[in-house]
Structures are given as C-alpha cells and as structure tokens.
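Residue 181 is where the sequence shown starts when you use our numbering, and the numbers rise one by one after that.
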Amino acid sequence: MKRPVFLQLLPHVLIVAVLVAVVVSGARLGRDGDPVLRALSPPPCRLDRGPCRVALDAGAWLELTVAPRPVPAGTPFHAVLALQGVDARQVSIEFEGTDMNMGLFRQALSPLPAGGFAANVTLPVCATGAMRWHARLSVRTKTETLVAPFDLTTGSLSPVRS
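What follows is the structure in structure tokens.
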C-alpha cells in the first residue's frame, strides 16, 4: 500500500521547519544577547610613556594608565582605566608579545569605588632585555564591546648603571 504524498513529505517539512527555527532564534540571540563589537582607533600612544586616551562620541572617553614608568619586567605594575560617559560593565586587557611569542596574558580589571577600573598585572621577563607588548583593552557595556589597541614596553631599554 502506498503512503499519501503528504506523509512522505512530512519528515522533510519538519526538518526544514526545525532548521528555520534554529536560524531565526540564533539570529535573535546574536542580535539581542551579545553586545556589538566596536574597534577603536586611538592616536599613537605608548603606555610606558604616559596615559593613553581614546575619544568617543559626545565627549565620552577612555584613558588607560600604567604605573610605575618605566614598566618593570617580571614585577607587578598597576593598570588603571578612567572613563567618562561610558557605562562599563566588564573590563579586561590582553597582552601579547610584539616581536616574540610569550603567550597571551589576559587580566580582568576590577571596579574602583570612585569609578573606573584597575588591576595589578605581571608580565614575564624576556631573557633578551626589553620586551615590546601589544595591549588590547576590552570594555563591555550593555550595548557594545569597545576594543582599543595600545603598545607597551617592559624592562630596561638600556643597561642600568649603578
């Protein structure tokens, strides 16, 4: 006995319906659940030489500072993010060696009582002396994740004389 055509097509129709539902719900999750990524282009700035500020829309800004300067190798230094006009919910910074693969170092910054975020960071010592790093700051807000690149050198650029 031959099955009716609609019963033969039913499994295929159900598979297509499930796939459409998955695609539609996935698009909604991505649109509503995850903040949009926004890459920032700060002016050239070296964190080991001074604070680095990125201007945003409507007078808002982010300013990343490290201390002490020069930044020591293998010992903790302090990273502080000051901000204005940005409702930051989560902040982190990643460090990667510029000229040598030293691995990826990610550090979350904690909220400060007076505003802003901070963390103590320790990067490894380079056996050849000074080490250049690429730092990537990520600031997550309710609607977007702001990402800004910075450069940093740790260790001595020349031998220390006593």
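The C-beta atom is built at its ideal place from N, Cα and C for all residues, glycine as well.
Secondary structure of residue i, DSSP reduced to three states
{"i": "residue 267", "result": "coil"}
{"i": "residue 254", "result": "coil"}
{"i": "residue 239", "result": "helix"}
{"i": "residue 225", "result": "coil"}
{"i": "residue 209", "result": "Low confidence applies to residue 209: its pLDDT is 44, below 50, so where it sits in the model is not reliable, and the reading given next is rough at best. DSSP places residue 209 in helix when its eight states are reduced to three."}
{"i": "residue 332", "result": "strand"}
{"i": "residue 233", "result": "strand"}
{"i": "residue 308", "result": "coil"}
{"i": "residue 323", "result": "coil"}
{"i": "residue 340", "result": "Confidence in residue 340 is poor, its pLDDT being 42 and thus under 50, which makes the residue's placement unreliable; the coordinate value appears in the next sentence. Coil at residue 340, not helix or strand."}
{"i": "residue 182", "result": "coil"}
Anticipated Cβ contact below 8 Å, residue i with residue j, distance rounded
{"i": "residue 326", "j": "residue 218", "result": "5 Å"}
{"i": "residue 253", "j": "residue 335", "result": "4 Å"}
{"i": "residue 316", "j": "residue 329", "result": "6 Å"}
{"i": "residue 318", "j": "residue 272", "result": "5 Å"}
{"i": "residue 266", "j": "residue 244", "result": "Actually they are not in contact, since the Cβ atoms of residue 266 and residue 244 sit about 12 Å apart, beyond 8 Å."}
{"i": "residue 229", "j": "residue 241", "result": "The Cβ separation is near 19 Å, so there is no contact."}
{"i": "residue 307", "j": "residue 333", "result": "Contact doesn't hold; Cβ gap of about 16 Å is too wide."}
Opening and closing residue of the beta strand (DSSP E) in which residue i lies
{"i": "residue 302", "result": "First-last for residue 302: undefined, no H or E at that position."}
{"i": "residue 294", "result": "Residue 294 -> no beta strand (DSSP E), and no H or E assigned at all."}
{"i": "residue 282", "result": "Counting along the chain, residue 282 falls outside any beta strand (DSSP E), and DSSP gives it neither H nor E."}
{"i": "residue 315", "result": "311-320"}
{"i": "residue 217", "result": "216-219"}
With 16 other Cβ atoms within 10 Å as the buried cut-off, status of residue i
{"i": "residue 207", "result": "Low confidence applies here, because residue 207 scores a pLDDT of 40, under 50, leaving its location unreliable and the question unanswered by this model."}
{"i": "residue 268", "result": "buried"}
{"i": "residue 296", "result": "buried"}
CB contact check: residue i to chain D, cutoff 8 Å
{"i": "residue 291", "result": "Here chain D cannot be found, since the structure has a single protein chain."}
Three or more C-beta pairs below 8 Å linking the segment 284-302 and the segment 260-276: yes
Three or more C-beta pairs below 8 Å linking the segment 274-286 and the segment 242-259: no
Inter-stretch contact (C-beta, 8 Å, three-pair minimum) for the segment 290-305 and the segment 322-329: no
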